[in-house]
Amino acid sequence: MSSGTVSAFERSLGRLDVGVARTSADALDDALGSATLDPVVGAPLPFENCSLPDWIPTDPTPADLKRAKTGVTAAELAIADYGSVVIRATPDPTEQVSLFCDRHVAVVRAEDVVPGMSEAFERLAEWTAAGDSAIIATGPSATADMGALVKGAHGPKEVWVVVVE
Amino acid sequence: MSSTRDEKAARIRHFLATEGDAVAEGTRGFNAGRYESVARLDDYEELKDSARAIKKDAIDRLPELVDQLRESVEANGGTLYVAADAADANRYVREVVEGEDAETVVKSKSMTTEELEVNDELQSAGVDVVETDLGEWVLQLADEAPSHIVAPAIHKSREGIADLFEATFDLDEPLETAVELTMFAREKLGERIADADVGMTGANFIAADSGTLMLVTSEGNARKSVVVPDTHVAVAGVEKIVPSVSDFQPFVELIGRSGTGQDITSYISLFTPPVDSPTVEFDAPDVPMTDGDVDREFHLVLVDNGRMAMREDDQLKETLYCIRCSACANSCGNFQSVGGHAFGGETYSGGIATGWEAGIEGLDVAAEFNDLCTGCSRCVNACPVKIDIPWINTVVRDRINRGEGGKLDFLVEGLIPDEEPGGLDLGKRFFGNFSTVAKLGSATAPVSNWVAKTRPARRLMAETVGVDPRRDLPSFERETFRVWFEKRGGSQVPPAKARREAVVYPDLYTNHVQVERGKAAVQTLEALGVHVVVPDVPSSGRAPLSQGMISTAERHAHDVYSALAEHLDADRDVVVVEPSDLAMFRWEYEKFLAPKSFERLDMQSYEVMEYVYGLLHAGAEPTLLSTPDEGDSGVAYHSHCQQRTLGLESHTVAVLEDLGYDVVTSETECCGMAGSFGYKSEYYELSMDVGEPIREQFEAADAADRTVVASGTSCLEQLDALLSRPTRHTIELVAPR
Ligand code: SF4
Numbered sequence: 001m002s003s004g005t006v007s008a009f010e011r012s013l014g015r016l017d018v019g020v021a022r023t024s025a026d027a028l029d030d031a032l033g034s035a036t037l038d039p040v041v042g043a044p045l046p047f048e049n050c051s052l053p054d055w056i057p058t059d060p061t062p063a064d065l066k067r068a069k070t071g072v073t074a075a076e077l078a079i080a081d082y083g084s085v086v087i088r089a090t091p092d093p094t095e096q097v098s099l100f101c102d103r104h105v106a107v108v109r110a111e112d113v114v115p116g117m118s119e120a121f122e123r124l125a126e127w128t129a130a131g132d133s134a135i136i137a138t139g140p141s142a143t144a145d146m147g148a149l150v151k152g153a154h155g156p157k158e159v160w161v162v163v164v165e
Numbered sequence: 166m167s168s169t170r171d172e173k174a175a176r177i178r179h180f181l182a183t184e185g186d187a188v189a190e191g192t193r194g195f196n197a198g199r200y201e202s203v204a205r206l207d208d209y210e211e212l213k214d215s216a217r218a219i220k221k222d223a224i225d226r227l228p229e230l231v232d233q234l235r236e237s238v239e240a241n242g243g244t245l246y247v248a249a250d251a252a253d254a255n256r257y258v259r260e261v262v263e264g265e266d267a268e269t270v271v272k273s274k275s276m277t278t279e280e281l282e283v284n285d286e287l288q289s290a291g292v293d294v295v296e297t298d299l300g301e302w303v304l305q306l307a308d309e310a311p312s313h314i315v316a317p318a319i320h321k322s323r324e325g326i327a328d329l330f331e332a333t334f335d336l337d338e339p340l341e342t343a344v345e346l347t348m349f350a351r352e353k354l355g356e357r358i359a360d361a362d363v364g365m366t367g368a369n370f371i372a373a374d375s376g377t378l379m380l381v382t383s384e385g386n387a388r389k390s391v392v393v394p395d396t397h398v399a400v401a402g403v404e405k406i407v408p409s410v411s412d413f414q415p416f417v418e419l420i421g422r423s424g425t426g427q428d429i430t431s432y433i434s435l436f437t438p439p440v441d442s443p444t445v446e447f448d449a450p451d452v453p454m455t456d457g458d459v460d461r462e463f464h465l466v467l468v469d470n471g472r473m474a475m476r477e478d479d480q481l482k483e484t485l486y487c488i489r490c491s492a493c494a495n496s497c498g499n500f501q502s503v504g505g506h507a508f509g510g511e512t513y514s515g516g517i518a519t520g521w522e523a524g525i526e527g528l529d530v531a532a533e534f535n536d537l538c539t540g541c542s543r544c545v546n547a548c549p550v551k552i553d554i555p556w557i558n559t560v561v562r563d564r565i566n567r568g569e570g571g572k573l574d575f576l577v578e579g580l581i582p583d584e585e586p587g588g589l590d591l592g593k594r595f596f597g598n599f600s601t602v603a604k605l606g607s608a609t610a611p612v613s614n615w616v617a618k619t620r621p622a623r624r625l626m627a628e629t630v631g632v633d634p635r636r637d638l639p640s641f642e643r644e645t646f647r648v649w650f651e652k653r654g655g656s657q658v659p660p661a662k663a664r665r666e667a668v669v670y671p672d673l674y675t676n677h678v679q680v681e682r683g684k685a686a687v688q689t690l691e692a693l694g695v696h697v698v699v700p701d702v703p704s705s706g707r708a709p710l711s712q713g714m715i716s717t718a719e720r721h722a723h724d725v726y727s728a729l730a731e732h733l734d735a736d737r738d739v740v741v742v743e744p745s746d747l748a749m750f751r752w753e754y755e756k757f758l759a760p761k762s763f764e765r766l767d768m769q770s771y772e773v774m775e776y777v778y779g780l781l782h783a784g785a786e787p788t789l790l791s792t793p794d795e796g797d798s799g800v801a802y803h804s805h806c807q808q809r810t811l812g813l814e815s816h817t818v819a820v821l822e823d824l825g826y827d828v829v830t831s832e833t834e835c836c837g838m839a840g841s842f843g844y845k846s847e848y849y850e851l852s853m854d855v856g857e858p859i860r861e862q863f864e865a866a867d868a869a870d871r872t873v874v875a876s877g878t879s880c881l882e883q884l885d886a887l888l889s890r891p892t893r894h895t896i897e898l899v900a901p902r
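Below is the structure:
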């Protein structure tokens, strides 16, 4: 994906108050070190050229999930215009890890950042046709039901994105 | 006032006082957000067109899509059930829940289950049902009904919620801030979700080709309700089906923007159940989640409950295009003031609620609040699927008129013949036949004005037709606009020397009440070189239409067209001073006239300031009009609802600015008068409350010295009531002096 698209993605994330770091596959370990708070849980990355460092356990129990401050998952797609990351549900607890912890760190490959919603739906239509589920997540969970905007109603209060180039 | 009027007025006063402020703050914020957010879209109109096209196609092909969806859901390993009505749907859901031996069901917000009252059914079967949307949960604790489609507890203040929590739970210390309240709710609901055996959700859209549900949320509760328990029951109206997942795309871009002004909500879930995610067994806390057998069960309950019949109803059918975004409620002046508890039916509220309730519950439920639609049309451009919501409200009003019995006053009946049923309410008959009232008023002025102002007459009007005694009545002129024009010998610009020829349409008010603005229109046009004619043309039919008297309005349309046809043939433009009449010509007449006739009138008619704008831009000399005096403090301008909906506000502003005026425009959606609405005693207070923001804006320091001008008759009447300084029509300001 063009670097223009990634820059547009970064600008959208900025508007959403979402932290973002660009890194290479080799430096992913360090980038995740700065983006996470302990205790951490994760779900395996479905990417060929990079995986989560060993210090992130990827087969959590419900108790681990409850205890963890940070959850790290892949986002197999991202949408520059909206600053959205798309999380595909897998038999690994990707969906839970992205949802239950106060901080969600999404690992996105630069080539998976698409400019807009119509490009994203080309891919989403393929996934769902194959029986998959996915979440288009934009910024933290939020509610205004208690009289003012509050982050973290049920899902994470903070979102960080690590873009792997 | 009759007792039903009294009761209605009291009910409205109650909601204005108890919920009005919270609702106003919320809806006006959402509405302002909508304008900002849609302005960031390059292709807003195209997105609306494709959204509408997708819904139209889907509703046309609905039976076929249901069959396709059944195959997809079953191929994925789920079950699809089509429920004929609420009882059928509730029975099915209860059986599924009982089959799971479920003790607790967690629910994500769903209007359809509100419609069915599923909670009552499950609770009576001994199942604990917990709403997990924070707003819905608050209402569940308070035992109240939602007052808004997307923000169900919009009517509750933070303090009210804090008191509720204090009264319901054994708190160590009181909760105050929104963060404290939210975190408390998160904690409590987290426990309930962890315990739950079944998760229930609605669905905003369903794709027939893959069986994927799209859920739009911000809080994340739908995600948790779906992934934690092993059984998922989704309940949705059958109209939610679209052909494919690709069809979701325009709606993803429109739904948050239209409703709450967010570019996109935090979570758009595309679930193709049963989902692959493992379940979360909090009672086996140390077993890795991937070790459990993932054996998820999924049931999709599609609810008919009157929808398939709506599909066969040419007028109500478009209601099924509705995506429940709430833009129509948020952009509605009356809803902003009084909220969904006054503006709703059993389940749905806001502009489109009349259509939904008429289809799902019946006319009697819809009738309770149908009057609150004034037909101002501000929701029309807000609706992402371009539903003509005021028209649906008019149709339902017409059906209510026809369906209701009532007393028949042969005097009024004999005086004002029309095609409407004899049982029609006297007030509706009076306002709907205002053309006759106006003719009599002018013929007998000034006596009629004097009589109308006497106490016995006012009391009689209040009792028989419901005119509020606090309203000033229009004062009829003895010499009508047409008579004035004829007396002066017609146009002072001969056709041979004219740059154009135009009919100035003598609408009811211009002809009988606001004669000065008619004169100003003629003088302005003549100054710019136009040969003017003022023929005898009947009233547009706006008055009967707004009372739901469709066949009378239709008769007016044909008569107006016949009277104007020779002028259209002679290539004359039709210039309209009253925007609500122009809106009839350009909008509702499409339903009444032959297509070619409609098109001709539409193409050749103009709002008066739009026409002046056109003349000036075609080279007419602006110095011939009135320009501001030295030290003029500028103009405070209120356009008219329908004029704005037609996109014509900017012409007036441009003309005024070209002439050198400094202009501020009103920010409110509607002044609250909306024709006959504000005259009716049961709505007087509501009408004044809706007008409050414009009063505040025009009395603020930067506007208090400005000349107030407005475009519509009822706006001028309302501004006169709200402000202590004089008002006039814009054309009177610019006419040569
Ligand atoms: S009628 Fe239109 S604006 Fe109103 S809720 Fe439905 S889709 Fe939204």
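Residue numbers (this note's numbering), protein chains in the order written: chain A, 1 to 165; chain B, 166 to 902. Positions of the beta carbon are idealized from the N, C-alpha and C atoms, including for glycine.
Sequence-distant residues of the same chain with beta carbon closer than 8 Å to residue i, five excluded per side
i	result
residue 112 of chain A	1, 75, 76, 77 and 78
residue 575 of chain B	Caution applies to residue 575 of chain B, whose pLDDT of 31 falls short of 50 and renders its modelled position unreliable; the model cannot decide the point.
Own chain residues within Cβ distance below 6 Å of residue i, not counting five before or after
i	result
residue 890 of chain B	none
residue 500 of chain B	494, 508 and 515
Contact test: residue i Cβ vs ligand 1 heavy atom, cutoff 7 Å
i	result
residue 492 of chain B	yes
residue 547 of chain B	yes
residue 550 of chain B	yes
residue 516 of chain B	yes
residue 893 of chain B	no
residue 643 of chain B	no
residue 487 of chain B	yes
residue 423 of chain B	yes
residue 358 of chain B	no
Short Cβ contact (8 Å threshold) for residue i with residue j
i	j	result
residue 152 of chain A	residue 99 of chain A	no
residue 162 of chain A	residue 107 of chain A	yes
residue 766 of chain B	residue 726 of chain B	yes
residue 181 of chain B	residue 854 of chain B	yes
residue 856 of chain B	residue 826 of chain B	no
residue 13 of chain A	residue 83 of chain A	yes
residue 273 of chain B	residue 253 of chain B	no
residue 878 of chain B	residue 679 of chain B	yes
residue 94 of chain A	residue 125 of chain A	no
residue 251 of chain B	residue 279 of chain B	no
residue 520 of chain B	residue 484 of chain B	yes
residue 790 of chain B	residue 772 of chain B	no
residue 593 of chain B	residue 769 of chain B	no
Where the alpha helix (DSSP H) through residue i begins and ends
i	result
residue 257 of chain B	251–264
residue 117 of chain A	117–129
residue 849 of chain B	849–864
residue 895 of chain B	895–899
residue 512 of chain B	Unbroken run through residue 512 of chain B: none, as it is neither H nor E.
residue 460 of chain B	Neither: residue 460 of chain B is in no alpha helix (DSSP H) and is coded neither H nor E.
residue 158 of chain A	First-last for residue 158 of chain A: 158–164, but that is the beta strand (DSSP E), not the alpha helix (DSSP H).
Enclosing beta strand (DSSP E) for residue i [first to last residue]
i	result
residue 334 of chain B	Careful: residue 334 of chain B lies outside any beta strand (DSSP E) and carries neither H nor E.
residue 666 of chain B	665–670
residue 489 of chain B	From DSSP, residue 489 of chain B is part of no beta strand (DSSP E); its letter is neither H nor E.
Whole-Å CB distance - residue i paired with residue j, under 8 Å assumed
i	j	result
residue 774 of chain B	residue 817 of chain B	4 Å
residue 405 of chain B	residue 373 of chain B	Rounded, the Cβ-Cβ distance is 11 Å, inconsistent with contact.
residue 560 of chain B	residue 480 of chain B	4 Å
residue 630 of chain B	residue 591 of chain B	5 Å
residue 469 of chain B	residue 247 of chain B	7 Å
Close Cβ partners of residue i (< 7 Å) along its chain, the five nearest in sequence each way excluded
i	result
residue 358 of chain B	271, 297, 389, 390 and 393
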